[in-house]
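First the structure, in the form of structure tokens, and then the observations on it.
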Amino acid sequence: MAGVDVGGGGKSGKKSLDSEINMVPFIDLLMVTISFLLITAVWSHMSRINANAQVPGPPRPDEEMTQVEPEPQLHVEMRDPNNFKLIWKTGSTVVSDKSVPRKAEEIRAGSGVVGVKYPDLAVEIEEQWKTTGKHRDASDKKFDQAVLHTDNETKFSDIVAVIDAIYRTHRPFNSGKPGDSVPAFNVTFAVN
Amino acid sequence: MAIHQPGRRLLHGISLKFVSDHVTGGGKRSTNAGLSLTSMIDFLIVVVVFLLMTFNSSGETPLAKNVRLPKAENSIDMVDAPLVGVVGGQILVDGASSGNTRDIEESKQVKRIEELFNILKAKRELWKQTRPGKDFPGVVVLQIDRDVPAVVVKSVFQTSAFAGYPNVSFMVDGASKTKG
Numbered sequence: 261m262a263g264v265d266v267g268g269g270g271k272s273g274k275k276s277l278d279s280e281i282n283m284v285p286f287i288d289l290l291m292v293t294i295s296f297l298l299i300t301a302v303w304s305h306m307s308r309i310n311a312n313a314q315v316p317g318p319p320r321p322d323e324e325m326t327q328v329e330p331e332p333q334l335h336v337e338m339r340d341p342n343n344f345k346l347i348w349k350t351g352s353t354v355v356s357d358k359s360v361p362r363k364a365e366e367i368r369a370g371s372g373v374v375g376v377k378y379p380d381l382a383v384e385i386e387e388q389w390k391t392t393g394k395h396r397d398a399s400d401k402k403f404d405q406a407v408l409h410t411d412n413e414t415k416f417s418d419i420v421a422v423i424d425a426i427y428r429t430h431r432p433f434n435s436g437k438p439g440d441s442v443p444a445f446n447v448t449f450a451v452n
Numbered sequence: 013m014a015i016h017q018p019g020r021r022l023l024h025g026i027s028l029k030f031v032s033d034h035v036t037g038g039g040k041r042s043t044n045a046g047l048s049l050t051s052m053i054d055f056l057i058v059v060v061v062f063l064l065m066t067f068n069s070s071g072e073t074p075l076a077k078n079v080r081l082p083k084a085e086n087s088i089d090m091v092d093a094p095l096v097g098v099v100g101g102q103i104l105v106d107g108a109s110s111g112n113t114r115d116i117e118e119s120k121q122v123k124r125i126e127e128l129f130n131i132l133k134a135k136r137e138l139w140k141q142t143r144p145g146k147d148f149p150g151v152v153v154l155q156i157d158r159d160v161p162a163v164v165v166k167s168v169f170q171t172s173a174f175a176g177y178p179n180v181s182f183m184v185d186g187a188s189k190t191k192g
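The listed protein sequences correspond, in order, to chains A and B. Mind the numbering: the first sequence is residues 261 to 452 in my numbering, read in order. Mind the numbering: the second sequence is residues 13 to 192 in my numbering, read in order.
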């Protein structure tokens, strides 16, 4: 048996404050707790990536309409099986246009391939954003827009790999936490 | 009665000497090993504390069977939002059947999925009724298998946006981030 000494007692003749813990049920309790926690533990980590549908809000007749200057948007074309096309457009005007070879890096788990990633595309997008992106300041609440163009047969894993590459570009953001950074782009789909 | 020195008593009644010697140790190193209780309890407490710290009481996000999620590195934590699953041609909203993708896959054209649209719209209305005066977040989580074609993804995405959920999130398997 193990004892727990909490002090006191002794010479005054009062009841001792020392008490004993029975080790057997104590260890049993620890074992049962460990078993419960191990059984209920979640080992796979589910997370999410965002995509915004760019739906206009409800009309506000009380507010005056203001002309908004169009901002450059990054259009990522992934229809070509050999190249990605990165096109910056302001409205319908093409600002820049560059092709990036479609070099997929396989993500392996165990013996099989579970996905791909495009590190070259991610690096190129980051480089282009540093020169063409408009919302780079930490106090800026708006984000640059990336539009993903894909054909109808592309697999979902490929789409996620490209969105993942777009989201690799981060910028500082004043959220209250020091050193906080967020993805530099909002991603949306081109429906056609 | 004579007083004996305490020692091993078990298995000494075996008549055959070589068997008795063997099972009682016979002067060789004992087969029993001591265990320090203090170290063991320390170890158990550390394990319990670690498991308690990693324990998530909010419940695991229900992952439909046979869904293989794509991997992504730059992902964020899950949110509590309606979950639209696309599994084997079936569309499920929070586990309940809400249409199928057969028509879209055959025509290979992006279409609005009426059944999904109506269910999501009803969910949105219910949310607004139960939380009057609050802004609707418009977040929906899509749980789609990695081999599903883009035409289905776009159709579900577009239908969700039309139903009042413009903030679409794709559920992914959060892969560990690599340097470079």
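Yeah, the Cβ is synthetic: ideal placement off N, Cα and C, and Gly gets one too. Since we're looking at a predicted model, the values are computed, not measured.
For Ala406 of chain A, the enclosing beta strand (DSSP E) begins and ends at 404-409. Just so you know, the alpha carbons of Ser172 of chain B and Gly97 of chain B end up roughly 12 angstroms apart. Between Val152 of chain B and Leu132 of chain B the beta-carbon gap is near 7 angstroms, inside 8 angstroms, which marks them as a contact. Distance check between Lys83 of chain B and each of A:Asp340, A:Glu365, A:Ser352 places A:Glu365 closest, using alpha-carbon atoms only.
Here the stretch 133-146 of chain B does not lie against the stretch 384-401 of chain A, with fewer than 3 beta-carbon pairs under 8 angstroms apart. For the stretch 156-178 of chain B, the beta-carbon criterion of a distance under 9 angstroms to any beta-carbon of chain A is satisfied by Ile156, Asp157, Arg158, Asp159, Val160, Pro161, Ala162, Val163, Val164, Val165, Lys166, Phe169, Gln170, Ser172, Ala173, Phe174, Gly176, Tyr177, Pro178. Lys363 of chain A sits away from Val355 of chain A, with the two beta carbons spaced by 8 angstroms or more.
Chain order gives the chain B residues near His305 of chain A as Asp185, Gly186, where near means a beta carbon separation below 8 angstroms. Only residues of its own chain outside the window of five on either side were considered, and among them Ile423, Val447, Thr448, Phe449 have a CB closer than 7 angstroms to the CB of Ala311 of chain A, listed in chain order. DSSP, read as helix, strand or coil, puts Ala45 of chain B in coil.
Annotation for Ser181 of chain B: the continuous beta strand (DSSP E) segment containing it runs 179-186. Nearest neighbour of Asp106 of chain B by Cα position, chosen from B:Ile116, B:Ala93, B:Val163, turns out to be B:Ala93. Nearest to Arg428 of chain A by alpha-carbon distance, out of A:Val302, A:Pro443, A:Asp404, is A:Pro443. The straight-line gap separating the alpha-carbon atoms of Ile125 of chain B and Ser167 of chain B is approximately 7 angstroms.
Between the alpha carbons of Gly111 of chain B and Gln102 of chain B lies a gap of roughly 6 angstroms.
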